[in-house]
Every structure is written in structure tokens, then in C-alpha cells.
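Since the structure comes first, as C-alpha cells, the remarks are kept for the end.
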Amino acid sequence: MFAVVEISAIILAGYLLGSIPVGFIIAKLAGVDIRKVGSGNIGATNVLRTLGKHYGYPVFLLDFLKGLGAVKLSILINHLAGSEPGRAEMAGVIGGIFSVIGHSYPVWLGFKGGKGVATSGGVVFGLMPLAALIGGGVWIGMFLATGYVSLSSIIAALSVPVSLAVMWSIGYVHGPILLLYFSLGIAAIVIIRHRSNLSRLRKGTEARFRRK
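Count along the sequence shown from 1, add 447, and you get the number used in my numbering.
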């Protein structure tokens, strides 16, 4: 088992890194409180819709790097603590989960954050890059086909555990079953954070993304 100090450090590091409100900060630099425009969300999609690609793309990249960084930092903490190498993935999973929680519920903004798609993508890429690339391809395909960012994000999140299960079943990849459970958990978080979008999709009122 992890030592209390080690697990506490991993949780704290993951949460604090994930809680950096990149979208809010970048929008503020542009003179906009992103919480008061568009959907009110601080994520890359609302920044992109509101301020354009010169602001939206950097937000997506930095949110992605938060998740990836949380995984790598947690593995480093595990290494510095002298834990068994086999526990590195567990450390990465814990740090990754808390980075997504931090992004979605940042203490700095009254626990009202983004939906965690880009950060989750970074976490998944850090732990299982091939499955993450498949998820990214699914997102692009769905977005081009439908124009719905929310639907694309949900389907892409679901595609990760499915692709992992398929790759394991055919013996293409090997690894702890923990990663499959983790990917299912990440998919659940993404779906929960998109509850309002799912409601609008059912009603036919969800906005499609349009280039300005």
C-alpha cells in the first residue's frame, strides 16, 4: 500500500495542477470573464466560441497538458518515495483522477470549473497513449459528422474503454485491469459533466459548432 505521505502528495499535486483555471485566466487576459459569456463554462469550447481559435486552442492544449502533467508528476512522486515500480501506474491513475476533479471543481473559482474533456484526454494519453489516440480520432470523426462538441466528447470518452477492452481481448496490449476501470470512470465523469448537454440534445436545442 502507498504511504500516507506519498498518497497525500499525489492527490494534492494532481488536484492543484488540475485546478489551474486556464480558460478563466486566458480569457481574463483578453478582458473577458468567461463565466459571464456564452455557456459560462471555463473550458476550451466556450473560450473558442467566445474569443476565437487564438484563445481557444491554447486553452485546450494547456488543459490537456494539466492531465498529462499530473500523471507524470504522480509517477515521479512514486519514484522519489521509493515505492515499487509496479505501483507507478496506480500513482498515475490517482493523480490523473484528481487532476480531472480539480479541473471540474477548482477551489479558486468556488468549485465551478470545466467539463474535463481536454484534461481527461491528457490523463488518458499519459497512461494509455494508443487508446487516447483512438479516442481523439473518434472525437474528430464525430465532430466532423455532427458539429456537436458535446456529443463528440461523450462518444470519444466511451470509445476509450471499448478500444482498451478490444485490444486486451485480442492480446494486442497487456496491462493491469485497473486501466480499464479507470477509463470507465473517466467516461462516467465526462458524461455526468455533460448532463445539461444531453438534455439539450434530446430536445434538439443543443448548439452546433459554427466557424465565425
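The beta-carbon is built from N, C-alpha and C at its ideal position, and this holds for glycine as well.
A quick note: this is a predicted structure, and the numbers were derived from the prediction, not measured.
Min CB distance residue i to chain C below 9 Å
{"i": "E531", "result": "Annotation note: the requested chain C is absent from the structure, which comprises a single protein chain."}
C-beta contact flag for residue i and residue j at 9 Å
{"i": "I524", "j": "A460", "result": "yes"}
{"i": "S466", "j": "V554", "result": "yes"}
{"i": "A491", "j": "G584", "result": "no"}
{"i": "K559", "j": "I481", "result": "no"}
{"i": "G573", "j": "A517", "result": "yes"}
{"i": "G633", "j": "V607", "result": "Gly is not the amino acid found at residue 633; the sequence shown has Ile there. It is a contact, given that the beta carbons lie within the stated cut-off."}
{"i": "S521", "j": "G542", "result": "yes"}
{"i": "D510", "j": "V469", "result": "yes"}
{"i": "G599", "j": "L645", "result": "This sequence places Ser at residue 599; Gly is not what is there. It is not a contact, given that the beta carbons lie outside the stated cut-off."}
{"i": "I638", "j": "I587", "result": "no"}
{"i": "A456", "j": "G514", "result": "no"}
{"i": "G557", "j": "F656", "result": "no"}
{"i": "L464", "j": "S546", "result": "yes"}
{"i": "I548", "j": "V506", "result": "no"}
{"i": "A578", "j": "S610", "result": "yes"}
{"i": "S551", "j": "R496", "result": "no"}
{"i": "A450", "j": "A535", "result": "no"}
{"i": "A477", "j": "L498", "result": "yes"}
{"i": "G618", "j": "A604", "result": "no"}
Residue i burial status per 10 Å Cβ neighbour count (16 or more: buried)
{"i": "Y628", "result": "exposed"}
{"i": "V570", "result": "buried"}
{"i": "P576", "result": "exposed"}
{"i": "Y504", "result": "exposed"}
{"i": "L591", "result": "exposed"}
{"i": "S630", "result": "buried"}
{"i": "A681", "result": "The structure shown does not extend to residue 681, since the chain is modelled only from 448 to 659, so the question has no answer here."}
{"i": "G487", "result": "exposed"}
{"i": "R452", "result": "Sequence inspection shows Val at residue 452; the Arg mentioned does not correspond to that position. Exposed, by the Cβ-count rule."}
{"i": "I624", "result": "exposed"}
The alpha helix (DSSP H) enclosing residue i, as first and last residue numbers
{"i": "N644", "result": "R642 to K650"}
{"i": "R655", "result": "First-last for R655: undefined, no H or E at that position."}
{"i": "I617", "result": "Per DSSP, I617 belongs to no alpha helix (DSSP H) and is neither H nor E."}
{"i": "P576", "result": "P576 to T593"}
{"i": "S455", "result": "V451 to G465"}
{"i": "K411", "result": "What the structure shows of the chain is the stretch from 448 to 659, and residue 411 is not part of that stretch, so it cannot be assessed."}
Runs of alpha helix (DSSP H) wholly within the stretch 490-568 (minimum 4 residues, chain order)
491-498, 500-527 and 535-551
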